Structures are given as C-alpha cells and as structure tokens.
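S.K.: In this note's numbering, the protein residues as written are 6 to 290. Here it is, the structure, as structure tokens.
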C-alpha cells in the first residue's frame, strides 16, 4: 500500500473516534491544545480538521495552518503490516477557536483551508515519491537544527518553501485574497493590494524566506554570517524558477519594494490604516 493509500484509509469518517484516541494516547492532543476534531470527507482528499485553544499560538496563522503529527510505526502497521518506516507523517489542518478581529475582516477560513489542503496533497505526493522525506524532516527541520547540521537544515526548509508555497499562494490570489497586511504603529495596520498573481506570490514567498532566515539567525546568533551564506546558497538552488537570476538579491529587493508600496498606499490616506487590535504574524503553514 502506498503512502497516499494509507493516509486515505486512516483519514476516514468511520475512524474519527480512533484518531482522537490515538492523538490523546500519544500526547499530541495536548501538544496541539486541541479542543475538537472532525474528519471532513472531501474529494479528492479527506482531511483531519482540529479546533485548538486560541490562547495558544497556532503557527502565527490568521485562519488555519497545516501541522504534521508523527505517529509511530506500530499504529500504522494495523492498516498496512508492510509499512517499514519508523514514523508516519500525518498532516492535519488546525484552526484557533477564536480569531482576532482583523483576521475576521480580511482573511477567509475557506481560502485558508484550501491553501492547507494543497499543502497536504503536495506533501503526501512528496513522501510517496521520496520515502526518506520523513527521516529528513525529523533530522533537519528548524526545530532540530544544530550547528553540525545547520547547512542541511536550511537547505531542507528553503526547499520546502519553494516546493510547497507558490501553488498554494497562487490559489489564495485566484480566490480573491490579494492583500498584503503589515503591522504599523499603535495597533494600526498598513494594507497594499497586489496588482498581479506573480507580485502577490513573490511578496509572500520573500516574507517567508526572510522570516525564516531571521529565525535561524536568532537561534544561531553567533553564526549569522554562516546562516546568510547558507540561505544564499539554498535560495540560489531553489529560487530561480520564481525569482530568476540572483534570486537572493531579488528577494531583498522585493522586501524593500513592499515597504515602499505599503507606505505609498497608506500615507497619502491615513484613515485607511486599520486600527483593529493587533495580531501576531508569522510563517503561517
């Protein structure tokens, strides 16, 4: 049985209570601060939808995020006794039970869920094509990064952004989510409406890469030059298709241009700044 088939067998409506029990027994229910779980039957891919306590960070997202849960092999061999990986990566979609006012105003849960479903489909296909992905994810994800594996960790995370995000961001834009929103001062927000699909995707991906680099630089504060070098190297490897030649430099320019666009769009009309209560921003998946 291939990976996708195991996922489809596990994520069946009839298995809902069993999934809840497994997450509780493995400690994942508490880790996710889960309040409610429902398996949503959907074509072509059903999914696990978890509502979490809004007081806890859900990946810095506005409406929904995809989170991977690692289940031990013994749980999966009940479905497929030939499964030979140590862990099974189970993607779930999680949302907070309450949303900040600005999120309600500008972000759609429906679009956010579609975004995460694209991630789930792409992730399952990736694992299907490369069974070693799970081992790599455990060893090289940001949370597992060490000075010894720093370059491989950055390469893994940058590759993941460029492989998963452009198509999901493109769907957001196609669904009408074309606005860039940034915190300004005293709870105010600046807003800029993108003129094209390409502009929207590039701004969002540039933000992801820059935020990720900042996270690594904070975690490895005495290795900032190495972090920057490894990001330049990985972005050069994976970012040319989206940004063209010299993609790392293009990303820095996109960041600079975004700030200018936000200022130009808002400073000429101060009332357009949104005073809705400030929310946390972050990487989002």
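Think of the CB as a built atom: it goes at the ideal place given N, C-alpha and C, for glycine as much as any other residue. Just so you know, these numbers come straight off a predicted model, no measurement behind them.
1. Can you say whether residue 264 is buried or exposed, counting buried as having 16 or more other CB atoms within 10 angstroms of its CB?
2. Hey, would you say residue 252 sits closer than 7 Å to residue 245, going by beta carbons?
3. For residue 13, which residues of its own chain have a beta-carbon under 8 Å away from its beta-carbon, when the five flanking residues on both sides are left out?
4. Which two residues bound the contiguous beta strand (DSSP E) that contains residue 188?
5. Any heavy atom of the ligand FAD closer than 6 Å to the beta-carbon of residue 196?
6. Can you list the alpha helix (DSSP H) stretches of 4 or more residues lying completely in the stretch 233–269, in chain order?
7. Between the stretch 163–170 and the stretch 119–128, do three or more beta carbon pairs fall short of 8 Å?
8. Give, in chain order, every unbroken run of the alpha helix (DSSP H) that is at least 4 residues long and sits entirely within the stretch 134–209.
9. Residue 179 and residue 198 - do their beta-carbons sit closer together than 7 Å?
10. Using DSSP bridges, identify the partner residues of residue 70.
11. So what does DSSP say about residue 50, is it helix, strand or coil?
12. Taking a contact to mean a Cβ-Cβ separation below 7 Å, would you say residue 118 touches residue 69 in this structure?
13. Can you list, in chain order, the residues of its chain whose CB lies under 7 Å from that of residue 156, leaving out five sequence neighbours each side?
14. I need the DSSP call for residue 289, collapsed to helix, strand or coil.
15. By Cβ distance below 8 Å, which residues in the same chain neighbour residue 57 in space, the five residues on each side in sequence not counted?
16. What did DSSP end up calling residue 111 once you bin it into helix, strand or coil?
17. Pull up the distance between the alpha-carbon of residue 9 and that of residue 136, whole angstroms please.
18. Count the C-beta pairs between the stretch 140–149 and the stretch 196–215 that are closer than 8 Å, then say yes if the count reaches three, no if not.
19. Only counting the same chain, and skipping five residues up and downstream in sequence, which positions put a Cβ closer than 6 Å to that of residue 83?
20. Indicate the three-state DSSP secondary structure (helix, strand or coil) for residue 104 in the structure shown.
21. Classify residue 226 as buried or exposed, calling it buried when 16 or more other Cβ atoms lie within 10 Å of its own Cβ.
22. Kindly identify the DSSP beta-bridge partner or partners of residue 26.
23. From this set, 186, 164, 47, 60, which residue's C-alpha is nearest residue 111's C-alpha?
M.R.: With the structure as the only source:
1. exposed
2. yes
3. 50, 51
4. 184–188
5. Of the ligands one can find in the structure shown there are none, so the ligand FAD has no counterpart to examine.
6. 245–248
7. yes
8. 138–145, 155–179
9. no
10. 99
11. coil
12. yes
13. 235
14. At residue 289 the pLDDT is 42, less than 50, meaning the model places this residue with poor confidence and gives no usable figure here.
15. 37, 38, 39, 40, 63, 99, 100, 101, 102
16. helix
17. 11 Å
18. no
19. none
20. coil
21. exposed
22. According to DSSP, residue 26 bridges with nothing at all.
23. 186
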